[in-house]
Amino acid sequence: MNILYDERVDGALPDVDKSALLQALQERLPDLDILHREEELKPYECDGLSAYRTTPMLVALPRNIEQVQGLLRLCHERQVPVVARGAGTGLSGGALPLEKGVLLVMARFNNILHIDPAARTARVQPGVRNLAISQAAAPFGLYYAPDPSSQIACSIGGNVAENAGGVHCLKYGLTVHNLLKVDILTVDGEHLTLGSQALDSSGVLHAIAALSAEYDLRVANVFHAGDGNMHPLILFDANQPGELDRAEALGGKILELCVKVGGSITGEHGVGREKINQMCAQFNSDELTVFHAVKAAFDPSGLLNPGKNIPTLHRCAEFGAMHVHLGQMPFPELERY
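Whatever position you read off the sequence shown (first residue = 1), add 21 for the numbering used here.
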């Protein structure tokens with residue numbers, strides 16, 4: 022089942038008049054840089070999951086918080102979906118844009134605002150590169166511990182969104198364990214602060230080999246032994262017809278195997294569009310309904326990065342129709358297409 026946004030199973034998106042939206046943005050935010058020509062939009066059609074691409078309707082490149090607030094407020098007024106993007110290195114499809122939406126690129130927010138070596142804290146903007154934080158802290162004998170393999174390019178905002186890890190996570194934990202406070206803007210431009218400056222008070226191979234043989238694709242397994250993360254690297258040739266589809270199907274089976282043996286579909290890369298079908302294997306309809314309710318509390322119209330992280334029950338119904346276990350289909354109460 023394709024992971025690209027499908028309005029039939031992921032929910033209908035508002036129809037947006039591109040020209041009218043562009044004009045409104047230019048009138049309200051004349052200093053905001055907006056890309057709208059086809060050749061300007063192409064570089065933003067995917068993140069690190071480059072097998073799947075969608076050209077965004079518009080790309081916005083703000084330089085200050087007022088521009089971000091203004092864009093969010095206008096898009097909220099006009100019911101226009103917005104997808105935020107950092108450096109675009111993520112492997113989950115979390116920054117995959119929408120044809121009917123605006124891609125909000127935070128790359129220009131790249132300043133390190135303050136480093137406190139005594140408290141061992143740093144205050145940075147979301148577009149700061151992961152490695153740049155360690156480089157700035159190095160004169161004090163410090164470094165920022167979560168170190169994904171893309172640290173030379175990935176941004177801290179994206180790390181927070183995906184809860185990125187790395188080899189140091191065995192000792193120091195993931196991004197969530199190294200974060201004190203986050204300032205955010207809601208979908209309608211309201212400013213919120215999560216956390217504070219204070220600290221909070223005081224985790225097969227044979228089965229994967231069998232799947233590898235079944236799908237006739239080699240799998241190289243890499244591990245973070247300390248925190249239990251596993252990275253099955255599926256080797257395929259995209260130039261060979263059908264191999265990408267086979268690789269995607271094999272990856273999905275491995276994720277479902279992880280859930281079956283008591284694990285999770287993701288330990289550090291998060292869920293964007295990639296892995297969204299397997300959310301249906303890990304969580305039941307009641308749990309997914311609660312997830313949607315939490316998101317709806319902050320984004321009642323479903324305009325902020327729609328279709329990411331949490332599948333609709335209809336998507337799960339369609340996915341479940343292809344996965345019958347012991348004669349029982351998941352979500353039997355939902356209509357099959």
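Built from N, CA and C at the ideal position, the CB exists for glycine as well. Here the structure is a predicted model, which means the values were calculated and not measured.
C-alpha gap between residue i and residue j, whole angstroms
i: residue 148; j: residue 236; result: 40 Å
i: residue 73; j: residue 110; result: 14 Å
i: residue 107; j: residue 173; result: 13 Å
i: residue 29; j: residue 189; result: 42 Å
i: residue 233; j: residue 249; result: 21 Å
i: residue 141; j: residue 171; result: 23 Å
i: residue 50; j: residue 303; result: 43 Å
i: residue 255; j: residue 118; result: 25 Å
i: residue 300; j: residue 331; result: 7 Å
i: residue 295; j: residue 274; result: 13 Å
i: residue 277; j: residue 59; result: 38 Å
i: residue 210; j: residue 198; result: 27 Å
i: residue 37; j: residue 43; result: 10 Å
i: residue 157; j: residue 167; result: 15 Å
i: residue 162; j: residue 154; result: 12 Å
i: residue 75; j: residue 160; result: 42 Å
i: residue 205; j: residue 213; result: 5 Å
Selection from the options that minimises the alpha carbon distance to residue i
i: residue 207; options: 325, 55, 265, 82; result: 325
i: residue 54; options: 219, 225, 186, 81; result: 81
i: residue 279; options: 225, 267, 101, 233; result: 225
i: residue 104; options: 40, 125, 31; result: 125
i: residue 228; options: 271, 43, 35, 157; result: 271
i: residue 31; options: 319, 218, 313; result: 313
i: residue 193; options: 165, 178, 251; result: 165
i: residue 101; options: 35, 47, 71; result: 35
Helix, strand or coil at residue i [DSSP, three-state]
i: residue 217; result: coil
i: residue 151; result: helix
i: residue 27; result: coil
i: residue 395; result: Outside the shown range of the chain (22 to 358) lies residue 395, about which nothing can therefore be said.
i: residue 93; result: helix
i: residue 112; result: coil
i: residue 300; result: helix
i: residue 233; result: helix
i: residue 124; result: strand
i: residue 253; result: strand
i: residue 181; result: helix
i: residue 199; result: helix
i: residue 176; result: strand
i: residue 143; result: strand
i: residue 106; result: strand
Buried or exposed (CB count within 10 angstroms, at least 16 for buried), residue i
i: residue 24; result: buried
i: residue 33; result: exposed
i: residue 182; result: buried
i: residue 298; result: buried
i: residue 222; result: Per-residue confidence for residue 222 stands at a pLDDT of 47, beneath the threshold of 50, marking its modelled position as unreliable; the derived number appears in the next sentence. Exposed: under 16 other Cβ atoms inside 10 Å.
i: residue 122; result: buried
i: residue 143; result: buried
i: residue 281; result: exposed
i: residue 269; result: buried
i: residue 68; result: buried
8 Å Cβ cutoff, residue i in contact with chain D
i: residue 61; result: As a matter of chain content, chain D is missing from the structure shown, which is built from one protein chain.
Problem - the region 273 to 291 / the region 180 to 188 touching (three or more Cβ pairs under 8 Å) - result: These segments touch.
Exercise for the section: Take every Cβ of the region 129 to 136, pair it with every Cβ of the region 299 to 317, and state whether three or more of those distances are shorter than 8 Å. Expected result: At 8 Å Cβ cutoff, the stretches do not touch.
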